[in-house]
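To start, the structure under review is shown below, and the notes come after it.
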Amino acid sequence: MMRFAQGIRVHCDDPDGLLALLADWDKRQATGEVMGYIGTRLLADRDEPGCFLIIAEFAEVDGDLTPAAEAERNNRRAETEEWARQLRALVDGEPEWTHYDELYRTGITGNLRTG
Numbered sequence: 001m002m003r004f005a006q007g008i009r010v011h012c013d014d015p016d017g018l019l020a021l022l023a024d025w026d027k028r029q030a031t032g033e034v035m036g037y038i039g040t041r042l043l044a045d046r047d048e049p050g051c052f053l054i055i056a057e058f059a060e061v062d063g064d065l066t067p068a069a070e071a072e073r074n075n076r077r078a079e080t081e082e083w084a085r086q087l088r089a090l091v092d093g094e095p096e097w098t099h100y101d102e103l104y105r106t107g108i109t110g111n112l113r114t115g
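According to the working numbering, the sequence shown is numbered sequentially starting from 1.
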């Protein structure tokens with residue numbers, strides 16, 4: 001299954017605020033219309049304190065749209081625009097948006113220690 005990832009690189013002095021914003025987004029997505037969104041990861045840059053990478057992943061839902069088209073459709077939703085506004089209010093400067101088509105993924109899932 002092909003996937004698409006959107007990266008959002010931000011500088012922020014409030015990692016708990018970022019976590020709360022992402023957790024709220026995930027809660028709302030779990031009860032909303034399926035738009036190809038399958039999850040988010042928040043990564044902290046070990047070499048640059050205060051720098052974070054948000055990775056939002058998308059997959060094909062029904063075969064009519066590619067994962068990238070699902071992401072594009074999701075980006076046009078009012079809820080997503082509001083989330084982006086809240087993100088901009090939380091971070092320093094403008095987020096850096098990047099887009100990736102997944103070409104390969106290992107088969108490891110779950111907890112690496114317990115499977």
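Idealized CB from N, CA, C, for every residue including glycine.
No experiment lies behind these values; they were computed from the predicted model shown.
Counting of Cβ neighbours within 10 angstroms places Ala44 among the exposed residues, the total staying below 16.
By the Cβ criterion, the region 53-70 is in contact with the region 28-43, since at least three pairs of Cβ atoms, one from each stretch, lie closer than 8 Å. Look at Gly17 here: in three-state DSSP terms it is helix. Under the 10 Å beta carbon count, Glu82 is surrounded by fewer than 16 other beta carbons and is classified as exposed. The three-state secondary structure of Pro95, taken from DSSP, is strand. If you ignore the 5 residues before and after Leu21, its C-beta comes within less than 8 Å of the C-beta of Trp83, Gln86, Leu87, Leu90, all in its own chain and listed in chain order. Looking from the CA of Gln29, the closest CA among Pro49, Ile8, Phe58 belongs to Phe58. Around the CB of Glu70, 16 or more other CB atoms lie within 10 Å, so the residue is classed as buried.
Taking the CA atoms as reference points, Gly32 sits about 20 Å from Ala5. Residue environment for Tyr100: exposed (fewer than 16 other C-beta atoms within 10 angstroms of its C-beta). Asp13 and Arg105 have their C-alpha atoms some 32 Å from each other.
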